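Chains as they are written, first to last, in my numbering: chain A, 6 to 422; chain B, 15 to 120.
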């Protein structure tokens, strides 16, 4: 792998940028792998990378039915934060945030992680009590999070309307300064390049149609549209399609797939310095480095695999954005899309072993999977390599729905799901 | 936005009037205190989450207020039919066949 650096950029600038070459190899699949990961999003590619880097397992394939990063990795609003309420959540999201901080250097690929601060608006006394509880829990756990008055919030984010007569008045905000955004495509490409360099096979346009098991029930491989591929271990990291894949192994999972929409505006000059989220009126917004406002809406109320959603959902979000930031009222929206998120009943992810030996599950990240990409990938690699969860992901098991030990971020949600 | 036919109002109305209420035809165990953790998990948490035909409940909350069931395709979001609560699952293949026949007759 050629190292990317300022010198490489200068060299290519002089050569008309003809020498960059493909970022990753596209080999023919082998007959068998030690590990197959189903799903070539950030979580799956990252898990393959960490398997190779930290566990010395390089006979790995990532199977992607479309193109890598074309699912939810390319469809989210790229927000990164770790200000969750429960320890299980704080463990994994903070692990992820720490990996974000050094990810560009680790991958030798600029993922454009920008810790510009994530500010969550409080509109009423309930928000205030809930946020302060989060702030206290976070600070006790060593995670930064602080309370801002409306005036401090306005100073941090000048476009914000804090007038007492506003449609959605603000009585304060919670700010995680280390939170921010990253470039979603670069995350997929960076992990793919680094994994490919360590010998991982990235196989696109390869849809899994069946999971094969031997007579003892153990996984022995997968059937795909490119034929049977053997595997000693299989990891599923397929977001909205997890239920479909798990049914191939005759396992029912506590997941529902729903559309979640986002949209971007026309590009404007830099005006919006941070990420702003509002639970109560359901809107979140940031400005990308290209200048577009990236706006996230809510999930639809019904199950769907359609990768689209109801117009009333984004209209509702834009209503809220226009009230919170009156100066954006005449900004035009350019594109809108939906991704299919797999939501658990407690709104916390599932990462762990399954009833099928050799089959591992990483799912249920719901509406918040992007921020978790490095952490989830890192711990999923540990799970697959060792066959048991890492300490930081020990609570995220599939069994918690049987034992009742839920991680109820649904009630404590940082944003209404 | 979906257009949903309420079988009680006998009218097609916008999704805004309705509230989705999850999977249909899931019976709450009558002996809920006696069942095992596995049975409770099966009843309460595990779902088919199908890609394709789903049977689900809707409530016409800003209309008649009543719950009813629907058969819908989760890929196209198209409703095959809606039917009153308590009625058995309709035969979707028959609905599709009759539509095909109509199409052929035209």
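Even glycine gets a Cβ: it sits at the ideal position worked out from N, Cα and C.
The structure displayed is predicted, hence computed values, not measured ones.
Indicate whether residue 366(A) and residue 207(A) have their beta-carbon atoms separated by less than 8 Å.
Locating residue 366(A) in the first chain gives position 361, counting from the first residue. Locating residue 207(A) in the first chain gives position 202, counting from the first residue. Taking 8 Å as the Cβ cut-off, residue 366(A) and residue 207(A) do not qualify as a contacting pair.
In chain B, what lies closer than 8 Å to residue 356(A) by C-beta?
The sequence position of residue 356(A) within the first chain is 351, counting from 1. The contacting residues do not exist; residue 356(A) stays about 17 Å from chain B at best.
Quick one: which chain A residues come within Cβ less than 7 Å of residue 59(B)?
Here residue 59(B) refers to the residue found at position 45 when the second chain is read from its first residue. Ordered by position in chain A, the residues that pass the 7 Å Cβ test against residue 59(B) are 259, 350 and 406.
Under DSSP, the alpha helix (DSSP H) around residue 161(A) begins and ends at which residues?
Here residue 161(A) refers to the residue found at position 156 of the first chain. Segment 155-161, the alpha helix (DSSP H) holding residue 161(A).
Should residue 215(A) go down as buried or exposed, given a rule of 16 or more other Cβ atoms within 10 Å for buried?
Your numbering for residue 215(A) matches position 210 in the first chain. Exposed, because fewer than 16 other Cβ atoms sit within 10 Å of the Cβ of residue 215(A).
Check residue 60(A) in the structure and name its three-state DSSP category.
The residue given as residue 60(A) occupies position 55 in the first chain. In this structure, residue 60(A) counts as helix in the three-state DSSP scheme.
Reference residue 64(B); option with closest CA among 334(A), 337(A), 354(A) and 259(A):
Along the second chain, read from residue 1 onward, the residue named residue 64(B) stands at position 50. The option with the nearest alpha carbon to residue 64(B) is 259(A).
Compare the C-alpha of residue 67(A) against each of 186(A), 84(A), 355(A) and 243(A) and name the closest.
Indexing the first chain from 1 puts residue 67(A) at position 62. Closest by alpha carbon: 243(A).
Look up residue 82(B) in the DSSP assignment and say whether it is helix, strand or coil.
If you number the second chain from 1, residue 82(B) lands on position 68. Correct three-state label for residue 82(B): strand.
Just mark residue 247(A) as buried or exposed, buried being the case when its beta carbon has 16 or more other beta carbons within 10 Å.
Numbered from its first residue, the first chain carries residue 247(A) at position 242. By the C-beta density criterion, residue 247(A) is buried, having at least 16 other C-beta atoms within 10 angstroms.
Say whether chain A places a C-beta atom closer than 8 Å to the C-beta of residue 80(B).
On the second chain, residue 80(B) is found 66 positions in, with the first residue counted as 1. By this cut-off, residue 80(B) is not an interface position.
Tell me whether the beta-carbon of residue 95(A) lies closer than 8 Å to the beta-carbon of residue 38(A).
Looking up residue 95(A) in the first chain gives position 90. Looking up residue 38(A) in the first chain gives position 33. With contacts defined as CB atoms closer than 8 Å, residue 95(A) and residue 38(A) fail to qualify as a contacting pair.
Alpha carbon to alpha carbon, what distance is there between residue 370(A) and residue 34(A)?
Taking the first chain and counting its residues from 1, one reaches residue 34(A) at position 29. Taking the first chain and counting its residues from 1, one reaches residue 370(A) at position 365. Between residue 34(A) and residue 370(A), the C-alpha separation is close to 29 Å.
Among 91(A), 101(A), 384(A) and 50(A), the one whose alpha carbon lies nearest that of residue 139(A):
One-based indexing of the first chain puts residue 139(A) at position 134. Taking only the C-alpha atoms, the option nearest residue 139(A) is 91(A).
Would residue 106(A) and residue 87(A) be called neighbours here (beta carbons separated by less than 8 Å)?
For the purposes of this step, residue 106(A) is taken as the residue at position 101 of the first chain. For the purposes of this step, residue 87(A) is taken as the residue at position 82 of the first chain. No, these two residues do not count as a Cβ contact at 8 Å.
Could you check the C-alpha separation between residue 110(A) and residue 222(A) for me, to the nearest Å?
Within the first chain, residue 110(A) is the residue found at index 105, counting from 1. Within the first chain, residue 222(A) is the residue found at index 217, counting from 1. Cα atoms of residue 110(A) and residue 222(A): separation of roughly 42 Å, rounded to the nearest angstrom.
Through-space distance from residue 43(A) to residue 25(B), alpha-carbon basis:
What you label residue 25(B) is simply residue 11 of the second chain in a count that begins at 1. What you label residue 43(A) is simply residue 38 of the first chain in a count that begins at 1. Straight-line Cα distance between these residues: approximately 44 Å.
Is the Cβ-Cβ distance between residue 402(A) and residue 357(A) less than 8 Å?
Reading the first chain from its first residue, position 397 is the one you call residue 402(A). Reading the first chain from its first residue, position 352 is the one you call residue 357(A). Yes. Within cutoff.
If you draw a straight line from the C-alpha of residue 180(A) to the C-alpha of residue 122(A), how long is it?
Stepping through the first chain from its first residue, residue 180(A) is reached at position 175. Stepping through the first chain from its first residue, residue 122(A) is reached at position 117. One C-alpha to the other measures close to 7 Å.
Let me know if residue 400(A) comes out buried or exposed under the rule of 16 or more other beta-carbons within 10 Å of its beta-carbon.
For the purposes of this step, residue 400(A) is taken as residue 395 along the first chain, with counting starting at 1. With 16 or more other Cβ atoms within 10 Å, it is buried.
What does the alpha-carbon distance come out to for the pair residue 76(B) and residue 30(B)?
As a working note, residue 76(B) is residue 62 in the second chain. As a working note, residue 30(B) is residue 16 in the second chain. Taking the straight line joining both Cα atoms gives about 8 Å.
Who are the near neighbours of residue 422(A) in its chain, counting only those whose CB is closer than 8 Å to its CB and skipping five residues on each side?
As a position in the first chain, residue 422(A) is number 417, starting the count at 1. With a pLDDT of 44 at residue 422(A), under the threshold of 50, the predicted position of this residue should be treated as unreliable, though the coordinate-derived value follows. Counting only residues of its own chain and dropping the five nearest sequence neighbours on each side, residue 422(A) has a CB closer than 8 Å to the CB of 303, 304, 348, 352, 371, 372 and 415.
Would residue 196(A) and residue 329(A) be called neighbours here (beta carbons separated by less than 8 Å)?
Residue mapping note: residue 196(A) aligns to position 191 of the first chain, counting from 1. Residue mapping note: residue 329(A) aligns to position 324 of the first chain, counting from 1. Contact: no.
For residue 419(A), count neighbouring Cβ atoms within 10 angstroms of its own Cβ and tell me buried if that reaches 16, exposed if not.
Taking the first chain and counting its residues from 1, one reaches residue 419(A) at position 414. Confidence is the limiting factor: at residue 419(A) the pLDDT is only 49, short of 50, which leaves the residue's position unreliable, though a coordinate-based value still follows. Around the beta-carbon of residue 419(A), 16 or more other beta-carbon atoms lie within 10 Å, marking it buried.
DSSP puts residue 284(A) in a beta bridge; with which residues?
Along the first chain, one-based indexing puts residue 284(A) at 279. Looking at the DSSP assignment, residue 284(A) forms no beta bridge with any residue, so it has no partner.
The stretch 90-112 of chain B: which residues have C-beta closer than 8 Å to a C-beta of chain A, in chain order?
If the cut-off is 8 Å between Cβ atoms, the stretch 90-112 of chain B has 90 and 91 near chain A.
So residue 19(B) packs on residue 96(B), CB below 8 Å; how close in whole Å?
Looking up residue 19(B) in the second chain gives position 5. Looking up residue 96(B) in the second chain gives position 82. Going by Cβ atoms, the distance from residue 19(B) to residue 96(B) rounds to 5 Å, so yes, they are a contact pair.
Chain-ordered residues of the stretch 283-316 of chain A with a beta carbon less than 7 Å from chain B:
Taking 7 Å as the cut-off between beta carbons, the residues of the stretch 283-316 of chain A near chain B are 306, 307, 308, 309, 310, 311, 315 and 316, in sequence order.
With distances taken between CB atoms, is the gap from residue 342(A) to residue 288(A) smaller than 8 Å?
For this step, residue 342(A) is matched to residue 337 along the first chain. For this step, residue 288(A) is matched to residue 283 along the first chain. Not in contact: residue 342(A) and residue 288(A) (Cβ atoms no closer than 8 Å).
Which one of 69(B), 53(B) and 98(B) has the shortest CA to CA distance from residue 23(B)?
By 1-based counting over the second chain, the position of residue 23(B) is 9. Closest by alpha carbon: 98(B).
If I follow the unbroken beta strand (DSSP E) through residue 125(A), where does it start and stop?
Position 120 of the first chain, counting from 1, holds the residue named residue 125(A). Per DSSP, residue 125(A) belongs to the beta strand (DSSP E) from 123-127.
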